[in-house]
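Engineer: Before I ask anything, here is the structure I am working with.
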Amino acid sequence: MASRSALGRLLDSDVFHSFRGNPVVVVSAAITAIFVLAAVFAPFVTPYNPYDLAGLDLNDAFTPPAWTAEGSARFLLGTDDQGRDVLSTIVFGARVSLLVGFCAVLFAMTVGITLGLVSGYVGGAVESVIMRVADVQLTFPAILIALLIDGLARTALPRDLHSEIALYVVIFAIGIANWPQFARTVRGSTLVEKNKEYVQAARVIGLHPGLIMMRHVLPNVLGPVLVIATLSLGFAILAEATLSFLGVGVPPTRPSLGTLIRVGNDFLFSGEWWMTIFPGAALIILVLAVNLLGDWLRDALNPKLR
Amino acid sequence: MSLKRAYRAALLAGAMAIGLVAAAEAKPFRFSVSGDANTLDPHSQNAGQVTLILRQIYEPLILRGKKLEMIPGLATSWQSVEPNRWRFQLRRGVKFHDGSDFNADDVVFSIKRALLPTSNYSIYVDTVADAVRVDDHTVDIVTRIPDPILPDKLSSVFMMDKEWSEKNNALRPQNTREREEMFTVRNTNGTGPYRLTSRESDVRTELARVDSWWGWENKGLNDGNVTQITFRPVGSDATRVAALLSGEVDFVLDPPLQDVARLKQSLRVLEGPEVRTIFFAMDMHRDELLYSDVKGKNPLKDIRVRKALYHAIDSNAIHTRVMRGQSIPTGTFFPPQVNGYIKSEDVRLAYDVERAKKLLAEAGYPNGFEITLDCPNNRYINDEQICQAVVAMWTRIGVRAKLNAMPLATFFPKIQKDDSSLYLLGWGVPTYDALYSFQSLLQSRDGQPGNGIWNYGRYSYAEMDRLINIMKTELDSAKRTAAINAALKIYREDVPHIPLHHQMIPWAMRQTVNTVHMANNQLEVKWVKVD
């Protein structure tokens, strides 16, 4: 009963009406959903498992897309230099890209919200230190920070471990590059919320500050965080693609969209365009859809813009 | 007024003429390959990407001409005065780039330096017992055994200045395995046509023409007009080609094979075979492999396993797909240009997956095993792609090879510490004689100079060693050829390597660049003429 009324409330809310009334957003949401679902169920929806080496045949390499003269119906978007089906590699690549994107945003969110809450609620020297660090970091482009951390991690960690932990290093690097936005937003909202009566009341009855932050302040600052998280997801996916394109991201053994574009890039001059164009197109569509969703969410949740 | 104008016009014309002369004289030449030299020490790394830079700066006693024939270099003549003694007459009036004179002491020093334990050039001086100064411009090289091909070998040993090396604490070659830092790694002092003016590893190396080089007057020794060389390694294939197409570089030594057809449309491409063979080598020495899940025994010691890995490789698919036809599949480990090659031993084991599976099962690995394949990714043409393809082929017979692809700066120190179970290697033959390959790659590593110095799988087979020793000293060419043929037969039957192909080496350059295509894949800028 409760869930039904929650669903009913959602379907009747301003946000949902704004969603329904905006075809661009509906399409974006659908595209994002298709990507996420395809990525999650990759092994079941792709025609081949491109990373099952036993299934590869080098003689299939460089097959153009199916609709071209030399194409084969077996490979809709053609094959790469090792004979892997490009469509399957894109779906598996999107899986890695989305995984890195979600995890990096989650990581940035956790760090950012915690530091933002603490600095906003506690104030004083703690606030100054945290916010100045965030300010300094914001003066650098986020991709530069990610590159720096990625490079440091690679030098510091033993070479043999690289391919196994590369994924975590990338997540960490992109996450760290992103936390200041969350921290600043959460701090701003916390400063507003902490002087409201319900927080004062909670304080008066002697609740632990940690409990007040978690139970009372946090739920009321989550709205803007959600917007930033959606927009950051687009950035995180792009950042991962950039790192992988530069060859410092995820290893070619588990390629993301960025890695696929990099590998395909070597064959662009020789006319085998499908190896890099299709992963590139997939990346653009995915990031565009996510960003459009984020933009819409920002507007929809902002009462002043309605 | 009109006088003033005429004066001005004359001044202008003069300035333009001077400008034209200057423009005609300055001939910059910018070239690129995928990887940089990991050292500039003349004796510490016997590898193509290192000698590519070194040979512009340093010179050996004997040079190679356009067809790789021997021509007088720092030595004007040489002869065998006794069976164990070669005498070299040195060129007079040659100066090192720092101005000091080249003389017999420098030759004695350089030969002895190449014999030291940290040298990677000992293969070229393996038979040398001593180098003796006769007078200022005569040197005797005494060998332990008669060595008919010593001059061929010395064409690969660069000459250094003794005083300069002493002054800069570089009496022995740098130890590349330990990635040692030494003066000679970043500084040079040769006698060659170009001198180093700036060096930034992996980014940019600049060389300038040495106007006082002794060979500029001799048209048989040079054909070039380049005054300034800029060498820029570019790792990414696409970026390197783009740099050539956009005119950012004038010459690419290793254009990616997939782009050759396109490059031919607008640029000059010289094609030809290289004296270099690509193969897989493996640890056949340890009782347990360092990188495998087989414990307590070494599967690669079993010939059935080696043959299974061999049978599983579809060399034709690699030839057509990975190499785009720019390779010559082979069943042996040096190409026909090398003395000792015979067609009848150049036969591959057939591509036969079922046979491979059966051999593995017979050897006791019906479900295959796990192993790590070490592979360079910027040394040989499409090296990493070859490894990827072969890993997939081996998976089909159950051998789960984990690919460990790395840049040559990491790869070579790793295999040179015997720290590999299975690796891809390419081998060129600068002496154009089979002995060089046999001795370096297959002779037991017994501490004798040159023996097995690239035998990082530590293959050791008594009959093979015996035949190689015959090749070293046998002066009767029929008997020597018989020994080479017998050794090639062992190579084919015992499978100490899994051979793959000989490389073809297209060179790509702008239309304004003229040069000679060398089968050793070494560009000599002194032959380069820029229009």
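Residue numbers (numbering that gives the first Met the number 0), protein chains in the order written: chain A, 0 to 305; chain B, 0 to 530.
Positions of the beta carbon are idealized from the N, C-alpha and C atoms, including for glycine.
All of these numbers come straight from a predicted model, not from anything done at the bench.
Under three-state DSSP, which class holds residue 1 (chain A)?
Structural biologist: On the first sequence, position 2 is the one that residue 1 (chain A) refers to. Residue confidence is low: residue 1 (chain A) scores 49 on pLDDT, short of 50, so the model does not pin down where it sits. Its coordinate-derived value is still stated next. Note: residue 1 (chain A) maps to helix in three-state DSSP.
Engineer: Quick one: list the residues of chain B neighbouring residue 269 (chain A), beta-carbon separation under 8 Å, in chain order.
Structural biologist: Here residue 269 (chain A) is taken as the residue at index 270 of the first sequence, counted from 1. Within 8 Å Cβ-Cβ: 255, 257, 258, 260, 261.
Engineer: Go to residue 96 (chain B), then tell me how far its alpha helix (DSSP H) extends in each direction, as first and last residue.
Structural biologist: Within the second sequence, the letter at position 97 stands for residue 96 (chain B). Per DSSP, residue 96 (chain B) belongs to no alpha helix (DSSP H) and is neither H nor E.
Engineer: Measure the C-alpha to C-alpha separation of residue 216 (chain A) and residue 117 (chain A) and round it to an integer number of angstroms.
Structural biologist: As a first step, residue 216 (chain A) must be located in the first sequence, where it is residue number 217. As a first step, residue 117 (chain A) must be located in the first sequence, where it is residue number 118. Going from the Cα of residue 216 (chain A) to the Cα of residue 117 (chain A) covers about 11 Å.
Engineer: Which partner residues of residue 496 (chain B) appear in the DSSP bridge assignment?
Structural biologist: For the purposes of this step, residue 496 (chain B) is taken as the residue at position 497 of the second sequence. Residue 496 (chain B) is bridged to B:280.
Engineer: Do you know how far the Cα of residue 114 (chain A) is from the Cα of residue 6 (chain A)?
Structural biologist: Within the first sequence, numbered from 1, the residue matching residue 6 (chain A) stands at position 7. Within the first sequence, numbered from 1, the residue matching residue 114 (chain A) stands at position 115. Computed Cα separation, rounded: 33 Å.
Engineer: Expressed to the nearest angstrom, what Euclidean distance is found between the alpha-carbon atoms of residue 251 (chain B) and residue 298 (chain A)?
Structural biologist: Looking up residue 251 (chain B) in the second sequence gives position 252. Looking up residue 298 (chain A) in the first sequence gives position 299. If you take the alpha carbons of residue 251 (chain B) and residue 298 (chain A), they lie about 53 Å apart.
Engineer: Return the chain-ordered list of same chain residues with a C-beta closer than 7 Å to the C-beta of residue 23 (chain B), the five sequence neighbours on each side being excluded.
Structural biologist: Translated into positions along the second sequence, residue 23 (chain B) becomes position 24. Its pLDDT being 49, under 50, residue 23 (chain B) is placed unreliably in this model, and the value from its coordinates should be taken loosely. Result list for residue 23 (chain B): empty, nothing under 7 Å.
Engineer: Just how far apart, CA to CA, sit residue 464 (chain B) and residue 77 (chain A)?
Structural biologist: Stepping through the second sequence from its first residue, residue 464 (chain B) is reached at position 465. Stepping through the first sequence from its first residue, residue 77 (chain A) is reached at position 78. Distance between the alpha carbons of residue 464 (chain B) and residue 77 (chain A): 51 Å.
Engineer: How many Å lie between residue 524 (chain B) and residue 221 (chain B) at the Cα?
Structural biologist: Numbered from its first residue, the second sequence carries residue 524 (chain B) at position 525. Numbered from its first residue, the second sequence carries residue 221 (chain B) at position 222. Spanning the two alpha carbons is a distance of roughly 9 Å.
Engineer: Any Cβ of chain A within less than 9 Å of the Cβ of residue 322 (chain B)?
Structural biologist: For the purposes of this step, residue 322 (chain B) is taken as residue 323 along the second sequence, with counting starting at 1. Not an interface residue.
Engineer: Does the count of Cβ pairs from the region 260-279 of chain A and the region 183-191 of chain A closer than 8 Å reach three?
Structural biologist: No, the region 260-279 of chain A is not in contact with the region 183-191 of chain A.
Engineer: Under the rule that 16 or more other beta-carbon atoms within 10 Å means buried, what is residue 81 (chain A), buried or exposed?
Structural biologist: Residue numbering aside, residue 81 (chain A) sits at position 82 when the first sequence is read from its first letter. Looking at its Cβ environment, which holds 16 or more other Cβ atoms inside 10 Å, residue 81 (chain A) is buried.
Engineer: Please name the residues in the region 388-406 of chain B whose beta-carbon is closer than 7 Å to at least one beta-carbon of chain A, in chain order.
Structural biologist: Listed by position along the chain: 388, 390, 391, 394, 395.
Engineer: Between residue 313 (chain B) and chain A, is there a C-beta pair that is closer than 9 Å?
Structural biologist: Here residue 313 (chain B) refers to the residue found at position 314 when the second sequence is read from its first residue. Yes, its Cβ sits closer than 9 Å to a Cβ of chain A.
Engineer: Can you tell me which of the three DSSP states residue 49 (chain B) falls into?
Structural biologist: Here residue 49 (chain B) refers to the residue found at position 50 when the second sequence is read from its first residue. Helix at residue 49 (chain B).
Engineer: What do you get for residue 21 (chain B), buried or exposed, if any count of 16 or more other CB atoms within 10 angstroms of its CB means buried?
Structural biologist: Residue 21 (chain B) sits at position 22 when you count from the first residue of the second sequence. Reliability fails at residue 21 (chain B), whose pLDDT of 45 lies under 50, so the model's placement of it is uncertain and the value that follows must be treated cautiously. Exposed is the call here.
Engineer: Please tell me whether, using a cut-off of 8 Å, the distance from the CB of residue 221 (chain A) to the nearest non-hydrogen atom of the ligand NAP is below it.
Structural biologist: No copy of the ligand NAP appears in this structure; indeed no ligand is present at all.
Engineer: In angstroms with no decimal places, state the Cα-to-Cα distance between residue 87 (chain A) and residue 71 (chain A).
Structural biologist: Start at 1 with the first residue of the first sequence, and residue 87 (chain A) comes out as number 88. Start at 1 with the first residue of the first sequence, and residue 71 (chain A) comes out as number 72. Going by the C-alpha atoms only, they are around 15 Å apart.
Engineer: In chain order, which beta strand (DSSP E) runs of at least 3 residues are fully inside the region 227-312 of chain B?
Structural biologist: If we require 3 residues or more, the beta strand (DSSP E) runs fully inside the region 227-312 of chain B come out as 227-230, 267-269, 272-281.
Engineer: Roughly how many angstroms separate the alpha carbons of residue 206 (chain A) and residue 200 (chain A), rounded to a whole number?
Structural biologist: Position 207 of the first sequence, counting from 1, holds the residue named residue 206 (chain A). Position 201 of the first sequence, counting from 1, holds the residue named residue 200 (chain A). Answer to the nearest angstrom: the Cα atoms are 9 Å apart.
Engineer: Could you pull out every residue in the same chain whose Cβ sits closer than 7 Å to the Cβ of residue 412 (chain B), ignoring the five residues on either side in sequence?
Structural biologist: For the purposes of this step, residue 412 (chain B) is taken as the residue at position 413 of the second sequence. So the list reads 175, 176, 178, once near-sequence residues are dropped.
Engineer: Compile a chain-ordered list of the residues in the region 57-78 of chain A whose CB is closer than 8 Å to at least one CB of chain C.
Structural biologist: Although the question refers to chain C, the structure presented lacks it and instead comprises the protein chains A and B.
Engineer: Residue 529 (chain B) CB to nearest chain A CB: under 9 Å?
Structural biologist: Taking the second sequence and counting its residues from 1, the one referred to as residue 529 (chain B) is at position 530. False, the Cβ-Cβ gap to chain A never drops below 9 Å.
Engineer: Along the beta strand (DSSP E) that carries residue 444 (chain B), what are the first and last residues, could you check?
Structural biologist: Here residue 444 (chain B) refers to the residue found at position 445 when the second sequence is read from its first residue. From DSSP, residue 444 (chain B) is part of no beta strand (DSSP E); its letter is neither H nor E.
Engineer: For residue 301 (chain B), I'd like the list of residues in its chain whose CB is within less than 6 Å of its CB, leaving aside the five on either flank, ordered along the chain.
Structural biologist: By one-based count along the second sequence, residue 301 (chain B) stands at place 302. Cβ within range, chain order: 362.
Engineer: Since residue 266 (chain A) meets chain B, which of its residues come closer than 7 Å, beta carbon to beta carbon?
Structural biologist: Walking along the first sequence from the start, residue 266 (chain A) turns up at place 267. The contacting residues are 257.
Engineer: Between which two residues does the beta strand (DSSP E) containing residue 193 (chain B) stretch?
Structural biologist: On the second sequence, position 194 is the one that residue 193 (chain B) refers to. Unbroken beta strand (DSSP E) run through residue 193 (chain B): 193-199.
Engineer: Between residue 26 (chain B) and residue 295 (chain A), what straight-line distance do the alpha-carbon atoms span, to the nearest angstrom?
Structural biologist: Taking the second sequence and counting its residues from 1, one reaches residue 26 (chain B) at position 27. Taking the first sequence and counting its residues from 1, one reaches residue 295 (chain A) at position 296. Whole-angstrom Cα-Cα distance: 59 Å.
Engineer: Alpha carbon to alpha carbon, how far is residue 36 (chain A) from residue 103 (chain A)? Give it in angstroms, no decimals.
Structural biologist: Reading the first sequence from its first residue, position 104 is the one you call residue 103 (chain A). Reading the first sequence from its first residue, position 37 is the one you call residue 36 (chain A). Approximately 19 Å between the Cα atoms of the pair.
Engineer: For residue 466 (chain B), which residues in the same chain have their Cβ closer than 7 Å to its Cβ, ignoring the five residues on either side in sequence?
Structural biologist: If you number the second sequence from 1, residue 466 (chain B) lands on position 467. Once the five neighbours on either side are set aside, the close Cβ partners of residue 466 (chain B) are 482, 485, 486.
Engineer: Just checking my contact of residue 105 (chain A) with residue 38 (chain A) at CB under 8 Å: how many whole Å lie between their CB atoms?
Structural biologist: For the purposes of this step, residue 105 (chain A) is identified with residue 106 of the first sequence, where counting begins at 1. For the purposes of this step, residue 38 (chain A) is identified with residue 39 of the first sequence, where counting begins at 1. Wrong, their Cβ atoms sit about 16 Å apart, outside the cutoff.
Engineer: Per the contact definition of three or more C-beta pairs closer than 8 Å, is the region 189-205 of chain B in contact with the region 506-518 of chain B?
Structural biologist: Too few Cβ pairs lie closer than 8 Å, so no.
Engineer: Roughly how many angstroms separate the alpha carbons of residue 253 (chain B) and residue 272 (chain B), rounded to a whole number?
Structural biologist: As a first step, residue 253 (chain B) is located in the second sequence; it is residue number 254 there, counting from the start. As a first step, residue 272 (chain B) is located in the second sequence; it is residue number 273 there, counting from the start. Taking the straight line joining both Cα atoms gives about 13 Å.
Engineer: Return the residue from the list B:315, B:239, B:369 that minimises the CA-CA distance to residue 297 (chain B).
Structural biologist: Locating residue 297 (chain B) in the second sequence gives position 298, where the first residue counts as 1. Measuring from the Cα of residue 297 (chain B), the nearest candidate turns out to be B:369.
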